[in-house]
Amino acid sequence: MNIKQNPNSNLKVLVSGASGFIGKKLVERLLKSNISVRAISRNIKNLSELKHDNLEKMEINALNYNELVNALNGIDVAYFLIHSMEGESNNWTKFIELDKKIAKNFAMAATKNNVKRIIYLSGLVSIPDREMSKHMASRKEVGEILKTSKAKVTIFRASVIIGNGSGGFKMMHYLVERLPIMICPRWVLTKLQPIFVDDVISYLFESLFKRETEGKMFDVGGPDTIPYKDLMKLYAKKNNKTIRMIIIPFLSLRLTSYWVDLITPMKKSLTRPLVEGLKNESVITENSIKKIIPLKLKGVDQSLDIAIGTQIQNQKHTARKEILLSYLLILLGITGAAHYWVDERIMSMHLLGHISTGIWFLLLLVGYFFIKKGARLGALLAGIVGWTAALFLLIDSMYLISYLPKIGSYTVSKGIAILGNYPDANTVLLNIMGLFVIAILLVVAHFTFYDKNKNVK
Ligand SMILES: NC(=O)c1ccc[n+]([C@@H]2O[C@H](COP(=O)([O-])OP(=O)(O)OC[C@H]3O[C@@H](n4cnc5c(N)ncnc54)[C@H](OP(=O)(O)O)[C@@H]3O)[C@@H](O)[C@H]2O)c1
Numbered sequence: 006m007n008i009k010q011n012p013n014s015n016l017k018v019l020v021s022g023a024s025g026f027i028g029k030k031l032v033e034r035l036l037k038s039n040i041s042v043r044a045i046s047r048n049i050k051n052l053s054e055l056k057h058d059n060l061e062k063m064e065i066n067a068l069n070y071n072e073l074v075n076a077l078n079g080i081d082v083a084y085f086l087i088h089s090m091e092g093e094s095n096n097w098t099k100f101i102e103l104d105k106k107i108a109k110n111f112a113m114a115a116t117k118n119n120v121k122r123i124i125y126l127s128g129l130v131s132i133p134d135r136e137m138s139k140h141m142a143s144r145k146e147v148g149e150i151l152k153t154s155k156a157k158v159t160i161f162r163a164s165v166i167i168g169n170g171s172g173g174f175k176m177m178h179y180l181v182e183r184l185p186i187m188i189c190p191r192w193v194l195t196k197l198q199p200i201f202v203d204d205v206i207s208y209l210f211e212s213l214f215k216r217e218t219e220g221k222m223f224d225v226g227g228p229d230t231i232p233y234k235d236l237m238k239l240y241a242k243k244n245n246k247t248i249r250m251i252i253i254p255f256l257s258l259r260l261t262s263y264w265v266d267l268i269t270p271m272k273k274s275l276t277r278p279l280v281e282g283l284k285n286e287s288v289i290t291e292n293s294i295k296k297i298i299p300l301k302l303k304g305v306d307q308s309l310d311i312a313i314g315t316q317i318q319n320q321k322h323t324a325r326k327e328i329l330l331s332y333l334l335i336l337l338g339i340t341g342a343a344h345y346w347v348d349e350r351i352m353s354m355h356l357l358g359h360i361s362t363g364i365w366f367l368l369l370l371v372g373y374f375f376i377k378k379g380a381r382l383g384a385l386l387a388g389i390v391g392w393t394a395a396l397f398l399l400i401d402s403m404y405l406i407s408y409l410p411k412i413g414s415y416t417v418s419k420g421i422a423i424l425g426n427y428p429d430a431n432t433v434l435l436n437i438m439g440l441f442v443i444a445i446l447l448v449v450a451h452f453t454f455y456d457k458n459k460n461v462k
């Protein structure tokens, strides 16, 4: 098939994943060149930003074969940009099965509709298959499945794509914003060859008019090769931040993904594959595309400048639960501090007691900071602070109740509480109030920590 770049061309192109980071930009680029586009998404509202006379929108779930057959009807070229990195935390590996099923449906539906070409953007890995992360192995398999179609398949393999909106870029942003010091696994030294998003779009777009790209696979990467660690440092520097990265050789990717999950408000289904992907060296192994589509590619420095310049201010992701939790934490802090005024026993407390109290207050402050940032670590710290305070107050109150040391001005017995002798009526009141606040705080912290609807993709 020889497709010429003609503004009046009758070419009908389908873009799957049109609501995604790459898909949205590609649709805009195609429409700008007067190409008729059918954009698909599982929810038509996700395509609301895209508007044009040559644009047709369809609500399609690619897991449903019949829906895909309808979507591909009358299509000449179909872009495959679907990615299933979503869902609940404990199901994060599910994307592998989903991607496989979607690719099968897509290949079969394309054959049924005599689609001439499929263009797929995959991930670039330059290490042997057996060392690849699950995510990358799955991206590779998707390419193999698509090739079973009668359509001619072009595969582009891209390394990290720099651009505002990409999952990897968001993760880097949150980490740099929140952590001046990072404990990292040795894989942060893995080499990457990042590429600017507009350059990727240019390759995908130009490929439409280049017959030589049919049925072939190409690596695409920018002019710079850089370890992930240096990319993060450069990003931090450009945001006027200094980060220190301490490399712990035995730190596993699994452990790393746990703390990334605690620090960023992103879904585990997105961060887990991204962190595991650190082990994939991602450097181009061939550059035949340069002859077919010669582009002046942007380097890392320039790409980061543009991406940071267009960065939409961080979405406000403080949900209602998080607001309530932050108020409860303030209340708990006030109750804790009130003990210093009300509870006379505190003055005679051992130095160790004062140090523990200081640590407790510090944890409370750090928890408050992370709750405000929408990170799960905030809820975790609120839980720790809540449980330690509850334990303390419970033991203190138990002594109080069993010995009833003082009622009004009458000393009933000489009970010994956790802080020492004679807790008085004010302290009792404070302990009861504290326990009440803690009970609510623990419930809210629990539901915030296990919130299945983290709202940042
Ligand atoms: N982003 C990067 O840095 C990067 C780097 C290298 C390669 N790539 C490749 O580029 C491609 C696109 O990545 P991206 O970052 O643009 O992905 P993305 O932003 O996560 O978008 C994924 C898209 O898949 C669609 N989708 C998921 N399940 C679907 C289903 N069952 N039916 C129909 N649509 C479904 C989603 O649409 P709805 O939710 O609206 O239905 C969404 O538009 C991927 O193949 C990826 O491997 C990306």
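According to this note's numbering, the sequence shown is numbered sequentially starting from 6.
In this text, a Cβ means the ideal position worked out from N, Cα and C, and glycines have one as well.
As the structure is a computational prediction, the values presented were derived from the model and not from experiment.
task: Let me know if L300 comes out buried or exposed under the rule of 16 or more other beta-carbons within 10 Å of its beta-carbon.
output: Position 295 of the sequence shown, counted from the first residue, corresponds to residue 300. Flag for L300 reads exposed.
message: Quick check for students: name the residue ranges of the beta strand (DSSP E) that lie wholly in the stretch 230-318, counting only runs of 3 or more.
response: 249-252
- prompt: alpha helix (DSSP H) containing E211: first to last residue?
  reply: As a working note, residue 211 is residue 206 in the sequence shown. Going by DSSP, E211 is part of the alpha helix (DSSP H) stretching over V202 to S212.
query: By the 10 Å Cβ neighbour count, where 16 or more other Cβ atoms means buried, how is R135 classified, buried or exposed?
result: Residue numbering aside, residue 135 sits at position 130 when the sequence shown is read from its first letter. It is exposed - the Cβ of R135 has fewer than 16 other Cβ atoms within 10 Å.
query: Does the separation of the CB atoms of S143 and F100 fall below 8 Å?
result: Numbered from 1 along the sequence shown, position 138 holds the residue referred to as residue 143. Numbered from 1 along the sequence shown, position 95 holds the residue referred to as residue 100. The criterion of a C-beta distance shorter than 8 Å is satisfied by S143 and F100.
- prompt: Does DSSP classify Y345 as helix, strand or coil?
  reply: As a first step, residue 345 must be located in the sequence shown, where it is residue number 340. In the three-state reduction of the DSSP assignment, Y345 falls in the helix class, which pools H, G and I.
field: Cβ neighbours of A241 in the same chain (closer than 7 Å, five flanking residues each side left out)
entry: On the sequence shown, residue 241 is found 236 positions in, with the first residue counted as 1. Closer than 7 Å at Cβ, skipping near neighbours: V181, T247 and I248.
- request: Give the single residue among F441, A23, V32 and S154 whose Cα lies nearest to the Cα of A394.
  value: In the sequence shown, residue 394 corresponds to position 389, counting from 1. Ranked by how close their Cα comes to the Cα of A394, the residues F441, A23, V32 and S154 have F441 in first place.
query: Would you call the stretch 121-136 and the stretch 264-279 touching, i.e. three or more CB-CB distances under 8 Å?
result: no
message: What would DSSP say about A156, mapped onto helix, strand or coil?
response: Indexing the sequence shown from 1 puts residue 156 at position 151. Of the three classes helix, strand and coil, the one that applies to A156 here is coil, per DSSP.
query: Within the present structure, is the beta-carbon of G358 separated from the nearest heavy atom of ligand 1 by less than 7 Å?
result: Here residue 358 corresponds to residue number 353 of the sequence shown, with the count starting at 1. Distances between the C-beta of G358 and the heavy atoms of ligand 1 are all 7 Å or more.
task: Measure the CB-CB distance between Y332 and L209 and report whether it falls below 8 Å.
output: Taking the sequence shown and counting its residues from 1, one reaches residue 332 at position 327. Taking the sequence shown and counting its residues from 1, one reaches residue 209 at position 204. No, the Cβ-Cβ distance between Y332 and L209 is not below 8 Å.
Closer than 7 Å: M90 CB and nearest ligand 1 heavy atom: Translated into the one-based positions of the sequence shown, residue 90 becomes position 85. Correct: M90 has its Cβ closer than 7 Å to ligand 1.
message: Rounded to the nearest angstrom, what separates D229 and Y455 at their Cα positions?
response: Here residue 229 is taken as the residue at index 224 of the sequence shown, counted from 1. Here residue 455 is taken as the residue at index 450 of the sequence shown, counted from 1. Rounded to whole angstroms, D229 to Y455 spans 40 Å at the Cα level.
field: Through-space distance from Y233 to F174, alpha-carbon basis
entry: For the purposes of this step, residue 174 is taken as the residue at position 169 of the sequence shown. For the purposes of this step, residue 233 is taken as the residue at position 228 of the sequence shown. When rounded, the distance between both Cα atoms is 12 Å.
query: Between the C-alpha atoms of L463 and V280, what's the straight-line distance to the nearest angstrom?
result: This structure leaves residue 463 out entirely; the chain is present only between 6 and 462.
field: Any non-hydrogen atom of ligand 1 within 7 Å of V165 CB
entry: For the purposes of this step, residue 165 is taken as residue 160 along the sequence shown, with counting starting at 1. The answer is yes for V165.
- prompt: Taking 7 Å as the cut-off, is the CB of L19 close to at least one heavy atom of ligand 3?
  reply: No copy of ligand 3 occurs in the structure displayed; its ligands are ligand 1 alone.
- request: Answer with yes or no whether the minimum CB distance from V18 to chain D is below 8 Å.
  value: Although the question refers to chain D, the structure presented lacks it and comprises just one protein chain.
query: If you draw a straight line from the C-alpha of D203 to the C-alpha of G28, how long is it?
result: Within the sequence shown, the letter at position 198 stands for residue 203. Within the sequence shown, the letter at position 23 stands for residue 28. When rounded, the distance between both Cα atoms is 12 Å.
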